[in-house]
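Protein chains in written order, with the working numbering: chain A, -3 to 166; chain B, -3 to 166.
Take a look at the structure set out below.
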DNA sequence: TCGGCAATATAGCCGTTGCTAACTTGATGA
DNA sequence: TCATCAAGTTAGCAACGGCTATATTGCCGA
């Protein structure tokens, strides 16, 4: 290693480090980060998307179940999510906390207005992502698999671009 | 609600629930899940991808830092990831545990052979994802943002499809 | 040489998402 | 009617990934 001579851009021009470590939020991009333009923002963004992902998955699934079966049972939700029932119960509690779903103990789960709208949005986005993947040559079954993870990171603007692409390719 | 008459496919044909709750891994897709073809697998898959994502991000970033600055310091890693230094330290500990990086206390972080290979793979994948997004009409800066989250869910087969698409598209 | 400071590490907290085990509840059939 | 048992909930644990606060270390300049 050469710790004595790291080709740092300009160590002297930067304060050795934040003298004020109050909160290193992405608010202060800190141009002194070597070569660091906005990396942190990207990761922060991705992290936040991930936090939403679970809610989106549950909401969409509950919507599907209600549509297909007339109601969403915890057992079915858990089975489809591939988790144990208590895990599903806990997730539903979070949905309730966030105002996306309602549920009375030992009864089915239902979506609020907000939750239903989210479910629709998620469903559309999912379909669009799958279609784009298919359009660029990904086999449909594989597209379905990968879309599950991808969709949560597709911003609304990117989604719009996807739709334009599909339209003009129609 | 109509809990008395859910249009379930065939409740009687299914055992009320797993009499053997040992482990409800996706090993047993459980065809009795209503309409449940392989939903659980998808989510399990996405969950696993997510678990890898953090490692991939760190490894790629460490590779970048070494290339650009000659060494990867914890402070730089933390700044670029947009996290506090202890968070980065903890992540590096995990990288070490998983055999992706080496680090001596108070010295820089380095990649193992395995880690370096992962970094290369991740870098290529990231670039490819960005190019595909751009190719379908997403503005480049937005593509960079969204790719950060998307890339971790792009399977190797899908990646291959992406590359073919880019190739034949010139 | 050695004192001070920046960089790193450790300790300890919180929230999330998994899990299993054990308890409740409600619906069903004898 | 009521006993039974699946479905659901609650309790409690582990691993992660954040954070702040505090302790170490190592480096550099006086």
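Heads up, the beta-carbon is just placed ideally off N, CA and C, and yes, glycines get one too.
- Message: Using only CA atoms, which one of A:74, A:142, A:55, A:78 lies nearest to residue 94 of chain A?
- Response: Against the first chain, residue 94 of chain A aligns to sequence position 98. Ranking A:74, A:142, A:55, A:78 by Cα distance to residue 94 of chain A puts A:55 first.
- If we count the other Cβ atoms within 10 Å of its Cβ and call it buried at 16 or more, is residue 161 of chain A buried or exposed? Within the first chain, the letter at position 165 stands for residue 161 of chain A. That one is buried.
- Mind checking the stretch 150 to 165 of chain A against chain B and listing, in chain order, the residues whose C-beta falls within less than 8 angstroms of any C-beta there? 150, 151, 153, 154, 157, 158, 160, 161
- Please list, in chain order, all residues of the same chain as residue 104 of chain A whose beta carbon is under 7 angstroms from its beta carbon, the five residues on each side excluded. The residue given as residue 104 of chain A occupies position 108 in the first chain. Excluding residues within five positions, the ones whose Cβ falls inside 7 angstroms are 67, 68, 69.
- Message: Given this structure, state the Cα-to-Cα distance separating residue 152 of chain A from residue 91 of chain B, to the nearest angstrom.
- Response: Here residue 152 of chain A refers to the residue found at position 156 of the first chain. Here residue 91 of chain B refers to the residue found at position 95 of the second chain. So the two alpha carbons sit approximately 33 angstroms from each other.
- C-alpha gap between residue 159 of chain B and residue 102 of chain A, whole angstroms: Here residue 159 of chain B is taken as the residue at index 163 of the second chain, counted from 1. Here residue 102 of chain A is taken as the residue at index 106 of the first chain, counted from 1. Taking the straight line joining both Cα atoms gives about 50 angstroms.
- Message: Check whether chain B comes within 8 angstroms of residue 36 of chain A, counting only Cβ atoms and requiring the distance to be less than that.
- Response: Along the first chain, read from residue 1 onward, the residue named residue 36 of chain A stands at position 40. Closer than 8 angstroms to some Cβ of chain B, the Cβ of residue 36 of chain A qualifies, so yes.
- Buried or exposed: residue 23 of chain A, going by 16 or more other Cβ atoms within 10 Å of its Cβ? In the first chain, residue 23 of chain A corresponds to position 27, counting from 1. Because the pLDDT at residue 23 of chain A is just 35, under 50, the model does not fix this residue reliably, and the value given afterwards should be weighed accordingly. Exposed, because fewer than 16 other Cβ atoms sit within 10 Å of the Cβ of residue 23 of chain A.
- Message: Please confirm whether residue 58 of chain B has its beta-carbon closer than 8 angstroms to some beta-carbon of chain A.
- Response: The residue labelled residue 58 of chain B in the question sits at position 62 within the second chain. Answer no: the Cβ-Cβ gap between residue 58 of chain B and chain A never drops below 8 angstroms.
- Beta-carbon of residue 146 of chain B versus every beta-carbon of chain A: anything under 8 angstroms? As a position in the second chain, residue 146 of chain B is number 150, starting the count at 1. Chain A, which has a Cβ nearer than 8 angstroms to the Cβ of residue 146 of chain B, makes this yes.
- Query: Using DSSP with H/G/I as helix, E/B as strand and the rest coil, what is residue 107 of chain A?
  - Reply: On the first chain, position 111 is the one that residue 107 of chain A refers to. Looking at residue 107 of chain A - three-state DSSP - the assignment turns out to be strand.
- Message: Any beta carbon of chain A sitting closer than 8 angstroms to that of residue 124 of chain B?
- Response: For the purposes of this step, residue 124 of chain B is taken as residue 128 along the second chain, with counting starting at 1. No, no contact with chain A.
- Chain-order list of residues whose beta-carbon lies under 6 angstroms from that of residue 46 of chain A (same chain, five-residue window excluded): Position 50 of the first chain holds residue 46 of chain A. Hits under 6 angstroms: none found.
- Distance, residue 127 of chain A Cα to residue 63 of chain B Cα: As a first step, residue 63 of chain B is located in the second chain; it is residue number 67 there, counting from the start. As a first step, residue 127 of chain A is located in the first chain; it is residue number 131 there, counting from the start. Rounded to whole angstroms, residue 63 of chain B to residue 127 of chain A spans 38 angstroms at the Cα level.
- Item | Where residue 83 of chain B meets chain A, residues with beta-carbon distance less than 7 angstroms | Here residue 83 of chain B is taken as the residue at index 87 of the second chain, counted from 1. Chain A residues near residue 83 of chain B: none, gap ~10 angstroms exceeds 7 angstroms.
- Message: If you follow the alpha helix (DSSP H) that residue 143 of chain A is in, where does it begin and where does it stop?
- Response: By 1-based counting over the first chain, the position of residue 143 of chain A is 147. Counting along the chain, the alpha helix (DSSP H) containing residue 143 of chain A begins and ends at 136 to 146.
- Query: Beta carbon of residue 131 of chain A, beta carbon of residue 144 of chain B: below 8 angstroms?
  - Reply: Residue 131 of chain A sits at position 135 when you count from the first residue of the first chain. Residue 144 of chain B sits at position 148 when you count from the first residue of the second chain. Going by C-beta atoms, residue 131 of chain A is not nearer than 8 angstroms to residue 144 of chain B.
- Message: Between which two residues does the alpha helix (DSSP H) holding residue 99 of chain A run?
- Response: Position 103 of the first chain holds residue 99 of chain A. No alpha helix (DSSP H) holds residue 99 of chain A; the beta strand (DSSP E) holding it covers 97 to 99.
- Message: In this structure, how does DSSP classify residue 68 of chain B when only helix, strand and coil are distinguished?
- Response: Residue mapping note: residue 68 of chain B aligns to position 72 of the second chain, counting from 1. Strand at residue 68 of chain B.
- Assign residue 119 of chain A to one of three DSSP states: helix, strand, or coil. On the first chain, position 123 is the one that residue 119 of chain A refers to. Residue state, collapsed to three classes: helix.
- Could you check what DSSP says for residue 165 of chain B in three-state terms: helix, strand or coil? Residue mapping note: residue 165 of chain B aligns to position 169 of the second chain, counting from 1. Correct three-state label for residue 165 of chain B: coil.
- Can you tell me whether residue 79 of chain B is buried or exposed, with buried defined as 16 or more other CB within 10 angstroms of its CB? One-based indexing of the second chain puts residue 79 of chain B at position 83. Buried.
- Per-residue DSSP class, three states only, for residue 151 of chain A: Numbered from its first residue, the first chain carries residue 151 of chain A at position 155. Coil.
- Measuring CA to CA, which of A:77, A:39, A:129, A:59 is closest to residue 118 of chain A? For the purposes of this step, residue 118 of chain A is taken as residue 122 along the first chain, with counting starting at 1. Residue 118 of chain A has its Cα closest to that of A:59, out of A:77, A:39, A:129, A:59.
- Query: Within 8 angstroms (strictly less), CB to CB, does residue 76 of chain B reach chain A?
  - Reply: As a first step, residue 76 of chain B is located in the second chain; it is residue number 80 there, counting from the start. Yes, because at least one Cβ of chain A sits closer than 8 angstroms to the Cβ of residue 76 of chain B.
- Message: Using CA atoms only, rank isn't needed, just tell me which of A:121, A:138, A:100, A:40 is closest to residue 35 of chain B.
- Response: The residue labelled residue 35 of chain B in the question sits at position 39 within the second chain. The shortest Cα separation from residue 35 of chain B among A:121, A:138, A:100, A:40 belongs to A:138.
- Query: Alpha carbon to alpha carbon, what distance is there between residue 76 of chain A and residue 108 of chain A?
  - Reply: Position 112 of the first chain, counted from the first residue, corresponds to residue 108 of chain A. Position 80 of the first chain, counted from the first residue, corresponds to residue 76 of chain A. Near 21 angstroms, if we compare the C-alpha coordinates of residue 76 of chain A and residue 108 of chain A.
- Task: Measure how close the beta-carbons of residue 87 of chain A and residue 50 of chain A come, nearest whole angstrom, since I'm counting them as under 8 angstroms.
- Result: Counted from its first residue, the first chain places residue 87 of chain A at position 91. Counted from its first residue, the first chain places residue 50 of chain A at position 54. Yes, they are in contact, since the Cβ atoms of residue 87 of chain A and residue 50 of chain A sit about 7 angstroms apart, within 8 angstroms.
- Query: Three-state secondary structure (DSSP) at residue 54 of chain A?
  - Reply: Here the question's residue 54 of chain A lines up with position 58 in the first chain. Of the three classes helix, strand and coil, the one that applies to residue 54 of chain A here is helix, per DSSP.
- residue 128 of chain A - DSSP class collapsed to helix/strand/coil: Working through the first chain from its first residue, we reach residue 128 of chain A at position 132. Looking at residue 128 of chain A - three-state DSSP - the assignment turns out to be helix.
- Item | Supposed contact pair residue 134 of chain A and residue 85 of chain B - C-beta distance, whole angstroms, cut 8 angstroms | Here residue 85 of chain B refers to the residue found at position 89 of the second chain. Here residue 134 of chain A refers to the residue found at position 138 of the first chain. Not quite, the Cβ-Cβ distance comes to about 38 angstroms (not below 8 angstroms), so this is no contact.
- Query: If you compare alpha carbons, which of A:48, A:57, A:38 is closest to residue 112 of chain A?
  - Reply: Within the first chain, residue 112 of chain A is the residue found at index 116, counting from 1. Out of A:48, A:57, A:38, A:57 has the C-alpha closest to the C-alpha of residue 112 of chain A.
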